[in-house]
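Chemist: Attaching a single structure in structure tokens format; questions to follow.
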Amino acid sequence: MTMELTNYQIILLFAVGGFVAIMGSLVTSWVLRPRRPNEEKLTTYECGEDPTGTAWGKFNIRFYVIALVFVLFETELLFLFPWAIVFGDEGLNALTQGKWGMLAFVEMSLFILILALGLAYVWGKGFLEWEKPDVKVTDVESKVPESLYEQLNTKYQ
Amino acid sequence: MEQINFNILAFYGFAGLAVISALMILMSKNIIHSVFMLVLVFLSVAAIYIITNAEFVGVTQIMVYIGGILILMMFGVMLTNRIDGGKMLTEHRRIIPAVLLGLGLAFVFYSTLQTKFPLAEFGPQSELDKSVTETIGINFMTHQLVALELTAVLLLMALIGAAFLAGSKFEDKK
Amino acid sequence: MIAFLIYLPFLLVFVIFAVYAERKVSAFMQDRIGPMETGKFGILQSFADVLKMMQKEDIIALAADRKLFLMAPLVIFVSVFTGYAVLPLSADIQGSAAETGIYFLLAVISLDVIGILMAGWGSNSKFSLFGAMRSVAQIVSYEIPLGLAILCVIMLMQTLSLQEISLQQVGGLGFIHWNIIQYPFLIVPFVIYFIASLAESNRTPFDLPEAESELIGGFHTEYSGFRWAVIMLSEYGMMLLVSLIAVILFFGSWNTPLPNLGPVRLADWTSGTVGQLSADVWGTFWILSKAMLMIFVQMWVRWTYPRIRVDQMMSLSWKYLTPIGLFMVFVSGFWKLWM
Chain A
137 MTMELTNYQI ILLFAVGGFV AIMGSLVTSW VLRPRRPNEE KLTTYECGED PTGTAWGKFN
197 IRFYVIALVF VLFETELLFL FPWAIVFGDE GLNALTQGKW GMLAFVEMSL FILILALGLA
257 YVWGKGFLEW EKPDVKVTDV ESKVPESLYE QLNTKYQ
Chain B
-14 MEQINFNILA FYGFAGLAVI SALMILMSKN IIHSVFMLVL VFLSVAAIYI ITNAEFVGVT
46 QIMVYIGGIL ILMMFGVMLT NRIDGGKMLT EHRRIIPAVL LGLGLAFVFY STLQTKFPLA
106 EFGPQSELDK SVTETIGINF MTHQLVALEL TAVLLLMALI GAAFLAGSKF EDKK
Chain C
876 MIAFLIYLPF LLVFVIFAVY AERKVSAFMQ DRIGPMETGK FGILQSFADV LKMMQKEDII
936 ALAADRKLFL MAPLVIFVSV FTGYAVLPLS ADIQGSAAET GIYFLLAVIS LDVIGILMAG
996 WGSNSKFSLF GAMRSVAQIV SYEIPLGLAI LCVIMLMQTL SLQEISLQQV GGLGFIHWNI
1056 IQYPFLIVPF VIYFIASLAE SNRTPFDLPE AESELIGGFH TEYSGFRWAV IMLSEYGMML
1116 LVSLIAVILF FGSWNTPLPN LGPVRLADWT SGTVGQLSAD VWGTFWILSK AMLMIFVQMW
1176 VRWTYPRIRV DQMMSLSWKY LTPIGLFMVF VSGFWKLWM
């Protein structure tokens, strides 16, 4: 039996096929595995302590800002893709004596530069900075003289 | 002939899925579940785009809406969650205005769809030797150039505006 | 259809051997011997692991959001596996010849994020949620440089279809026709792509989302038994996916690396006849073995570099890779138009 599938039917086949394969193995595992739940097993893991509250709380707003910057750049990318496959089109270039490619390139450069400005802005404003750990340098009074360390370091270089 | 039948079948399947998941969003009390149901809505809409030969738009729908905007919404919901945790529940308020608004919208759609349903022909296959995506690219560079550059400016404005608004929160934290 | 029948079993077998290889490679690099007990040289270790995981009790914490928790592994796996649909295996075998090819792949990769968020939120564990948030922030940050690196190749090839990209690298001179040799500056986009792909698949040095020493298991802390195995399967599936894309874009896809040297027709001998079974077998062999080599490099990197800090991770993506990526887009444009 040969069946001609269209491109997106094949993609659907992959999605459904992958789903079925995993469901199949999950069901096999469901048949095989034991079911002996108890209260201790069913607690959320929190390093062996009883969990305090739920995890569903607030967290850093930076995640949100990063996601926001991402959405805007993703939108930029989606405009670049259709452009990328036509700006060097030989047929169009021959038709316009090479002006097409030049025009498309300049137009898109403008587009990219405007958005690069946005990147520069958020960069300058420090939104791309994540909190850095404070490195605490502790002075340790060591009885071992410095030269011994030096000796060791040079030995294993 | 059979091809078209399959397309119509798939169209109604995905349209149904979109409507059902949209209803589930309304019915669900758990707001996080609602956001995740939105994935299904967007996916079915993307599938409908693809069925109607708007391949690029469909994939873009997945990439930008699911991969981008939905993540943003999830982060938004998760950020606004109460500190004491617990499930965020939605409730129904202002039922009468909502019903009126819904009926009004339904009427608008109904009157628009009195003309021949534009999707019924499943989009013309591109007559040129260019593919749909290439046609989109060429149009960006020629007919829609101003729109494209304006989009860039708009995106820039959105970025700066959003960064500015979030910036005040940032200052608080420090 | 054929591609589906090849990829699904191959992926499952690949994961079993990749886990074994990972353990052996890491053992070799750390001067250990790795698993030795199960079978000769421990070769059956992964099979034993799979058998064990099949029988493990499936624990779902009471506090978890059951629906999201149960759905998450499926969403992650399906979104990764759907990506394989557009990859070619040889000149004739390709799942879907969708016109948007690589663009579709980028979209599908971003779907993976939804599953991770579902797992993290559904688990209702602090470690899971932190892991998921980090993972999402990381994946979305590196998607931009990844997209830009891919864009450079697309600009030179003028097509989104992975099969057409492969066909443009065919030739009698073997590796000379590969993109990375034809356009030497592509080495920069390749490095960007490689770094970003490590981050996309949450591999060390970008394994902050599942940093064992801080976050236990990251977003899959609460998963056990076969559900955990599915998440692991997806992670290795992602590794293979990004490796295959790298091979297709930069390293000649299913083309043979051996050149024709005068009467010694190495390329012809190792390519088969187009349209016949021999071409399919050779093509599949070359693309998969090149991908295996890429996987090895990923493992090598994993066992060589320490994990980076979260601020380094962010600045690497936004302050280095993205600007360099944008610059490389310009370089590719110049090259395409004036070279």
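Chains as they are written, first to last, in the working numbering: chain A, 137 to 293; chain B, -14 to 159; chain C, 876 to 1214.
For glycine and all other residues, C-beta sits at the position ideal for the given N, C-alpha and C.
Checking the sheet assignment: what are the DSSP bridge partners for PRO963/C?
Modeler: DSSP output for PRO963/C lists GLN969/C as bridge partner(s).
Chemist: Going by beta-carbon coordinates alone, are LYS1165/C and LEU1031/C separated by less than 7 Å?
Modeler: Cβ distance not < 7 Å, so LYS1165/C and LEU1031/C don't count as in contact.
Chemist: I need the boundaries of the alpha helix (DSSP H) containing LEU1035/C, first residue and last residue.
Modeler: Here LEU1035/C belongs to no alpha helix (DSSP H), and DSSP marks it neither H nor E.
Chemist: State yes or no: is the C-beta of ILE1067/C within less than 7 Å of the C-beta of LEU1196/C?
Modeler: Going by C-beta atoms, ILE1067/C is nearer than 7 Å to LEU1196/C.
Chemist: DSSP three-state call for ASP69/B: helix, strand or coil?
Modeler: With a pLDDT of only 49 at ASP69/B, under the threshold of 50, the placement of this residue in the model should not be trusted, and no figure is reported.
Chemist: If you count every other CB in all the chains shown that lies within 10 Å of the CB of ASN289/A, and 16 or more means buried, which is it?
Modeler: Exposed: under 16 other Cβ atoms inside 10 Å.
Chemist: Given this structure, state the Cα-to-Cα distance separating TRP996/C from GLU897/C, to the nearest angstrom.
Modeler: Cα-Cα distance, rounded: 29 Å.
Chemist: Quick check on the DSSP output: the alpha helix (DSSP H) that includes HIS18/B runs from which residue to which?
Modeler: From DSSP, the alpha helix (DSSP H) with HIS18/B extends over 16 to 36.
Chemist: Give the interface partners of SER1000/C over in chain A, defined as CB-CB distance under 8 Å, in chain order.
Modeler: Per Cβ cutoff of 8 Å: THR180, TYR181, GLU182, PRO187, ALA191.
Chemist: Report the rounded CA-to-CA distance for ASN1130/C versus ILE1040/C, giving the unit in angstroms.
Modeler: The straight-line gap from Cα to Cα measures roughly 11 Å.
Chemist: Listing by chain order, which chain C residues have their CB less than 9 Å from the CB of ASP225/A?
Modeler: Chain C residues near ASP225/A: GLN1033.
Chemist: Name the chain C residues that come within less than 7 Å of THR118/B, Cβ to Cβ?
Modeler: Within 7 Å Cβ-Cβ: GLU974, THR975, LEU1035.
Chemist: For VAL276/A, which of helix, strand or coil comes out of DSSP?
Modeler: Coil, per DSSP.
Chemist: Given a threshold of 16 other Cβ atoms within 10 Å of its Cβ, counted over all protein chains shown, does TYR1058/C qualify as buried or as exposed?
Modeler: Answer is buried; the Cβ neighbour count reaches 16.
Chemist: Quick check on GLY153/A - is its C-beta less than 7 Å from some C-beta in chain B?
Modeler: Output row for GLY153/A: interface = no.
Chemist: Do you know whose CA, among LEU945/C, GLN1038/C, VAL925/C, VAL1185/C, lies nearest PHE892/C's CA?
Modeler: Of the listed residues, the one whose Cα sits closest to PHE892/C is VAL925/C.
Chemist: Anything in chain C within Cβ reach of LEU149/A, meaning under 9 Å, just list it in chain order.
Modeler: Per Cβ cutoff of 9 Å: MET876, PHE879, ALA960, GLY970, SER971.
Chemist: Just how far apart, CA to CA, sit TYR978/C and GLU185/A?
Modeler: Spanning the two alpha carbons is a distance of roughly 46 Å.
Chemist: What does the alpha-carbon distance come out to for the pair PHE263/A and VAL207/A?
Modeler: Approximately 15 Å, taken between the alpha carbons.
Chemist: Taking the alpha carbon of THR118/B as the reference point, which residue from LEU8/B, GLY43/B, VAL20/B has its own alpha carbon closest?
Modeler: Ranking the options by Cα distance to THR118/B, first place goes to GLY43/B.
Chemist: What is the residue span of the alpha helix (DSSP H) that THR975/C lies within?
Modeler: Taken as a continuous stretch (DSSP letters only), THR975/C belongs to no alpha helix (DSSP H), as it is neither H nor E.
Chemist: What is the DSSP secondary structure of LEU1136/C, reduced to helix, strand or coil?
Modeler: LEU1136/C: strand per DSSP, three-state reduction.
Chemist: Give me the Cβ distance between GLY970/C and ALA1121/C, rounded to the nearest whole Å; I'm assuming they're in contact under 8 Å.
Modeler: Rounded, the Cβ-Cβ distance is 18 Å, inconsistent with contact.
Chemist: In angstroms, rounded to a whole number, what distance separates the CA positions of ASN143/A and VAL953/C?
Modeler: Going from the Cα of ASN143/A to the Cα of VAL953/C covers about 18 Å.
Chemist: Taking Cβ-Cβ distances shorter than 8 Å, what residues in chain B pair up with TYR1068/C?
Modeler: Within chain B, no residue comes near TYR1068/C; the closest Cβ sits about 18 Å away, beyond 8 Å.
Chemist: Hey, out of LEU23/B, GLU40/B, VAL4/B, whose CA is closest to ILE147/A's CA?
Modeler: Ranking LEU23/B, GLU40/B, VAL4/B by Cα distance to ILE147/A puts GLU40/B first.
Chemist: Run the CB neighbour count on LEU1073/C, radius 10 Å, all protein chains shown included, and call it buried at 16 or more, exposed below.
Modeler: Buried is the call here.
Chemist: Which of the three DSSP states, helix, strand or coil, is assigned to SER111/B?
Modeler: Low confidence applies here, because SER111/B scores a pLDDT of 48, under 50, leaving its location unreliable; read the following figure in that light. DSSP places SER111/B in coil when its eight states are reduced to three.
Chemist: Suppose the cutoff is 7 Å on Cβ atoms and the five residues either side in sequence are ignored; what does the same chain contact list for GLY976/C look like?
Modeler: Once the five neighbours on either side are set aside, the close Cβ partners of GLY976/C are VAL961, LEU1035, SER1036, LEU1037.
Chemist: What is the residue span of the alpha helix (DSSP H) that VAL1117/C lies within?
Modeler: It spans 1100 to 1125 - the alpha helix (DSSP H) in which VAL1117/C sits, taken as one unbroken run.
Chemist: Identify every run of the alpha helix (DSSP H) within the region 149 to 227 of chain A, keeping only runs that are complete inside it and at least 4 residues long; order them along the chain.
Modeler: Entirely contained in the region 149 to 227 of chain A, the alpha helix (DSSP H) runs reaching 4 residues are, in chain order, 198 to 220.
Chemist: Could you check whether the Cβ of MET993/C sits closer than 7 Å to any Cβ belonging to chain A?
Modeler: No, no contact with chain A.
Chemist: When you compare the CB of THR211/A with every CB in chain B, is at least one pair closer than 7 Å?
Modeler: Chain B contact via Cβ: present.
Chemist: Is the Cβ-Cβ distance between ALA252/A and LEU1026/C less than 7 Å?
Modeler: Against a cut-off of 7 Å, the Cβ pair of LEU1026/C and ALA252/A comes out as no contact.
Chemist: In three-state terms, what does DSSP make of THR1079/C?
Modeler: Correct three-state label for THR1079/C: coil.
Chemist: Short of 6 Å in beta carbon distance, which residues of its chain neighbour ILE68/B, apart from the five on each side in sequence? Order them along the chain.
Modeler: No answer about ILE68/B holds up, because its pLDDT of 47 lies below 50 and its placement is not dependable.
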